[in-house]
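Working notes for the structure below.
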Amino acid sequence: MAKTIAEINEKIKKGQAVVVTAEEIIDIAKKKGISQAANEVDVVTTGTFGPMCSSGAYFNVGHTKPRIKLGGGKVYLNDVPAYTGVAAVDVFLGATALPDDDPKNRIYPGEFRYGGGHVIEELVAGKDVRLVATAYGTDCYPRRKLETLISIKDMNEAVLFNMRNAYQNYNVAVNLSDRIIYTYMGVLKPKLGNANYSTSGQLSPLFNDPYYKTIGIGTKIFLGGGIGYVAWQGTQHNPSVLRGDNGVPRRGAGTLAVIGDLKQMKPEWLVGTSFLGYGCTLTVGIGVPIPVLSEEILRYTLVTDAEIFAPVVDYAEAYPQRKPDILTEISYAELKSGTIKVQGQEVPTASLSSYPGAVEIAGILKEWIKKGEFLLTEPVAPLPGVESGIVFKPLEERPIP
Amino acid sequence: MATVSKRLVLHFPKRLTNEPIVYKLVKDFDLEFNILKASVTPGEEGLLVMELAGEQRSYDKGVKYLTETGVKIQSLSQDVVWNESRCTHCGACITLCPTGAFSVEPKTRKVTFDNNKCVVCELCVKACPPRAMELYF
């Protein structure tokens, strides 16, 4: 029996909605059968908690007396530069931004202990940060310098805006070379010494709605411990990749751009993160509810780790040189077992995204919905799907005359 | 003659913070030192973490001198500490640790750290993405 989001919301308001996590639904459907499970269950919650570099936040810091035009000037938050190419007192801070005096990889491998992601975490934790700015001075904004402490409470708006999060599948990174390499997939030991992956598999939002049939623009989500929304398809959204019979992409595919009020988020779900020899970023917690509108939708949510496959890629040569070579494909069940076999060799595995974090997020979202605190939204527009014909383009360089 | 190199934590009582103790270790006992951490305020108690190296006989004499002067010596037990509240339980440490001090609880997939298996190689300290592993002297 098909349901609508409005009907599910009515049940949520009455406290009658049946909400389960994307882990729990697998067993429920096994016991009750797909048809009964689809009838009984209203919402399946998903979660993911991993490093997501395309994250940032914009702030309106309020007007000083006399006024200063930060737009076009220079702004630092705890020595981390923020982008000022916008209006007078709005700035954007990216998760991977680094202080000017960070040695970066000049002292290899760089530690990247503090950057934009860490500033965002501290702001969300309610801490004061140092705002230091210089501007050029105008008749209407005469001030040229500003040094002050500021907290998130002092700001008019503090908005998390992440342009590419919640990746639908990702590479498993290995290192075929004979030296240790430092990547965004962590420290990779030589000669297939380890393999790192990064998704929450069967709990991951876009694995449970592989064709974006329920998740669209305007979908209300758990974001960083608070409430957020899907704003758009994420950058590098690439729906037309190779998929399995279950519709699940076997390569990196869809992504989400997400937005939400940073003021109601929590530091435990927005964690400043450092990758040795690579850079710093933000570990973001995202949870997406999937309304069980039909048996078809339910069937997608039953996906298990054994049915999701990721490509194994050499990050010493193939990845940096943009070669399409894939060493093999491995299921998330195998990845989670602790070792995989690549080129006949046993390789120990590790995850960069937190499965316990994903479980907790899916659980929190479930509780919110069950308590009637979180209603579902109807997407205002769909995300581009397989039919969109989107082709993911690399940058083919052209000489500048 | 065998040489020795050890990391020591020296606690200076108040009365000694104006004395050129380390200078004497070099001058009188021919020892080499490398200061790792120092917090010495004249007129107050001081703390010095250093690596002390030299011939075994000189080293022993130097340590004897320090003890007799009133410096309290503690051999350095470096300790890697798991800051659990900072840990996101990702697992990036698991395959890096050479002694298997980290493990994943199969059911919850939470990471645990066994300090007894830790040999203080420090590989996890810089490679932990949220920097939940801390090194203490």
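Sequence order for the protein chains is A and B. For the first sequence, counting from 1, position 329 maps to 329 in the numbering used here; every step adds exactly one. For the second sequence, counting from 1, position 54 maps to 1054 in the numbering used here; every step adds exactly one. Don't be surprised by glycine CBs; every beta carbon is placed ideally from N, CA and C.
Exercise for the section: Sort A:Ile286, A:Asn105, A:Phe374 by Cα distance to Ile181 of chain A and report the nearest one. Expected result: Residue mapping note: residue 181 of chain A aligns to position 181 of the first sequence, counting from 1. Ranking the options by Cα distance to Ile181 of chain A, first place goes to A:Asn105.
Practice task
Thinking Gly62 of chain A and Asp128 of chain A are a contact (beta carbons under 8 Å), I'd like their distance in whole angstroms, please.
Solution key: Along the first sequence, read from residue 1 onward, the residue named residue 62 of chain A stands at position 62. Along the first sequence, read from residue 1 onward, the residue named residue 128 of chain A stands at position 128. Actually they are not in contact, since the Cβ atoms of Gly62 of chain A and Asp128 of chain A sit about 15 Å apart, beyond 8 Å.
Practice task
Measuring only between beta-carbons, confirm whether Ala333 of chain A sits less than 8 Å from chain B.
Solution key: Here residue 333 of chain A corresponds to residue number 333 of the first sequence, with the count starting at 1. Taking Cβ atoms only, chain B never reaches closer than 8 Å to Ala333 of chain A, which makes this a no.
Exercise for the section: Using a Cβ cut-off of 8 Å (strictly closer), state whether Gly357 of chain A contacts chain B. Expected result: Position 357 of the first sequence holds residue 357 of chain A. For Gly357 of chain A, the answer is yes, since a Cβ of chain B falls inside 8 Å of its Cβ.
Handout entry: Residues, ordered as in the chain, of the stretch 160-189 of chain A that lie near chain B by beta-carbon distance below 8 Å
Key = Gly186, Val187, Lys189
Practice task
Could you tell me the boundaries of the beta strand (DSSP E) in which Ile150 of chain A lies?
Solution key: One-based indexing of the first sequence puts residue 150 of chain A at position 150. Its beta strand (DSSP E) spans residues 145-150.
Problem - Gly24 of chain A: first and last residue of the uninterrupted alpha helix (DSSP H) it sits in - result: In the first sequence, counting from the first residue as 1, residue 24 of chain A sits at position 24. In the sequence under discussion, the amino acid at residue 24 of chain A is Glu, which differs from the Gly named in the question. It spans 24-32 - the alpha helix (DSSP H) in which Glu24 of chain A sits, taken as one unbroken run.
Exercise for the section: Compare the Cα-Cα distances from Ile326 of chain A to each of A:Arg251, A:Ile227, A:Lys189, A:Leu206 and report the closest residue. Expected result: Taking the first residue of the first sequence as 1, we reach residue 326 of chain A at position 326. The residue with the shortest Cα to Cα distance from Ile326 of chain A is A:Arg251.
Exercise for the section: Can you say whether Ser1085 of chain B is buried or exposed, counting buried as having 16 or more other CB atoms within 10 angstroms of its CB? Expected result: Here residue 1085 of chain B refers to the residue found at position 85 when the second sequence is read from its first residue. The residue in question, Ser1085 of chain B, is exposed, as its Cβ has fewer than 16 Cβ neighbours within 10 Å.
Practice task
Excluding the 5 residues preceding and the 5 following Val248 of chain A in the sequence, name in chain order all residues of the same chain whose CB lies nearer than 7 Å to its CB.
Solution key: The residue given as residue 248 of chain A occupies position 248 in the first sequence. Cβ within range, chain order: Phe207, Pro210, Val303, Glu307, Ile308.
Handout entry: Segment contact, 8 Å Cβ cut-off, at least three pairs: the stretch 1061-1077 of chain B with the stretch 324-340 of chain A
Key = no
Problem - Residue burial classification, Glu121 of chain A (beta-carbon count within 10 angstroms, cutoff 16) - result: Position 121 of the first sequence, counted from the first residue, corresponds to residue 121 of chain A. Burial call: buried.
Practice task
Give the residues from the stretch 1098-1115 of chain B that approach chain A closer than 7 Å (Cβ to any Cβ), ordered along the chain.
Solution key: Thr1108, Arg1109, Lys1110
Problem - Neighbour list for Ala350 of chain A in chain B, Cβ cutoff strictly below 7 Å - result: Reading the first sequence from its first residue, position 350 is the one you call residue 350 of chain A. Those within 7 Å of Ala350 of chain A in chain B are Gly1091, Ala1092, Ile1094, Thr1095.
Practice task
Measure the Cβ-Cβ separation of Val1049 of chain B and Lys1061 of chain B and say whether it is below 8 Å.
Solution key: Taking the first residue of the second sequence as 1, we reach residue 1049 of chain B at position 49. Taking the first residue of the second sequence as 1, we reach residue 1061 of chain B at position 61. Their beta carbons are not under 8 Å apart, which means Val1049 of chain B does not touch Lys1061 of chain B by this criterion.
Practice task
Compare the C-alpha of Lys3 of chain A against each of A:Phe392, A:Lys69, A:Leu376 and name the closest.
Solution key: Residue mapping note: residue 3 of chain A aligns to position 3 of the first sequence, counting from 1. Nearest C-alpha to Lys3 of chain A: A:Leu376.
Problem - Same chain only: Cβ atoms within 8 Å of Ile5 of chain A, ignoring 5 sequence neighbours per side - result: Counting from one through the first sequence, the residue named residue 5 of chain A turns up at place 5. The answer, listed in chain order, is Pro291, Leu293, Leu376, Thr377, Glu378.
Problem - Residue nearest to Thr199 of chain A in terms of C-alpha spacing, selected from B:Ala1092, B:Glu1105, B:Gly1070 - result: Here the question's residue 199 of chain A lines up with position 199 in the first sequence. Residue B:Ala1092 is the option with its Cα nearest to Thr199 of chain A.
Exercise for the section: For Val1004 of chain B, I'd like the list of residues in its chain whose CB is within less than 6 Å of its CB, leaving aside the five on either flank, ordered along the chain. Expected result: The residue labelled residue 1004 of chain B in the question sits at position 4 within the second sequence. Within the same chain, Gln1056, Tyr1059 come within 6 Å of Val1004 of chain B by CB-CB distance, once the 5 residues on both sides are set aside.
Handout entry: Reference His118 of chain A, options A:Ala57, A:Val172, A:Gly72, A:Leu192, closest by Cα
Key = What you label residue 118 of chain A is simply residue 118 of the first sequence in a count that begins at 1. Checked all of A:Ala57, A:Val172, A:Gly72, A:Leu192; the closest Cα to His118 of chain A is A:Ala57.
Handout entry: is_contact[Glu111 of chain A, chain B] using C-beta, thresh 8 Å
Key = The residue labelled residue 111 of chain A in the question sits at position 111 within the first sequence. It does; some Cβ of chain B falls within 8 Å.
Problem - Proximity winner among B:Pro1129, B:Asn1115, B:Tyr1136, relative to Met52 of chain A (alpha-carbon distances) - result: Stepping through the first sequence from its first residue, residue 52 of chain A is reached at position 52. Comparing Cα positions, the closest option is B:Pro1129.
Handout entry: Whole-Å CB distance - Gly281 of chain A paired with Ala82 of chain A, under 8 Å assumed
Key = By one-based count along the first sequence, residue 281 of chain A stands at place 281. By one-based count along the first sequence, residue 82 of chain A stands at place 82. The amino acid occupying residue 281 of chain A in the given sequence is Thr; Gly does not appear at that position. Not confirmed; about 16 Å, so no contact.
Handout entry: Enclosing alpha helix (DSSP H) for Thr84 of chain A [first to last residue]
Key = For the purposes of this step, residue 84 of chain A is taken as residue 84 along the first sequence, with counting starting at 1. No alpha helix (DSSP H) holds Thr84 of chain A; DSSP gives it neither H nor E.
Exercise for the section: Could you name the residues of the stretch 1023-1038 of chain B whose beta carbon sits closer than 9 Å to any beta carbon of chain A, in the order they occur along the chain? Expected result: none
Practice task
Compare the C-alpha of Arg410 of chain A against each of A:Ser354, A:Tyr76, A:Phe59, A:Leu70 and name the closest.
Solution key: Residue coverage of chain A in this structure runs from 1 to 401, which leaves residue 410 of chain A outside it and unanswerable.
Problem - Meets three-Cβ-pair contact criterion under 8 Å: the stretch 347-360 of chain A and the stretch 1094-1102 of chain B - result: yes
Problem - The beta strand (DSSP E) enclosing Glu157 of chain A, as first and last residue numbers - result: Within the first sequence, the letter at position 157 stands for residue 157 of chain A. Run containing Glu157 of chain A: 157-165, per the beta strand (DSSP E) assignment.
Practice task
Measure the C-alpha to C-alpha separation of Leu93 of chain A and Gly116 of chain A and round it to an integer number of angstroms.
Solution key: Indexing the first sequence from 1 puts residue 93 of chain A at position 93. Indexing the first sequence from 1 puts residue 116 of chain A at position 116. Between Leu93 of chain A and Gly116 of chain A, the C-alpha separation is close to 6 Å.
Practice task
Please list the partners that Ser354 of chain A has in chain B, where partner means a Cβ-to-Cβ separation under 7 Å.
Solution key: Locating residue 354 of chain A in the first sequence gives position 354, where the first residue counts as 1. Within chain B, the residues near Ser354 of chain A are Thr1088, His1089, Cys1090.
Exercise for the section: List the whole-angstrom C-beta distance separating Tyr136 of chain A from Gly73 of chain A, where the pair is believed to meet the contact cut-off of C-beta under 8 Å. Expected result: For the purposes of this step, residue 136 of chain A is taken as residue 136 along the first sequence, with counting starting at 1. For the purposes of this step, residue 73 of chain A is taken as residue 73 along the first sequence, with counting starting at 1. The pair is a contact, with the Cβ atoms about 6 Å apart (cut-off 8 Å).
Practice task
On a CA-only basis, which of A:Thr84, A:Ile12, A:Asn165 is nearest Gly285 of chain A? Give me that one, please.
Solution key: Locating residue 285 of chain A in the first sequence gives position 285, counting from the first residue. Ranking A:Thr84, A:Ile12, A:Asn165 by CA distance to the CA of Gly285 of chain A puts A:Asn165 first.
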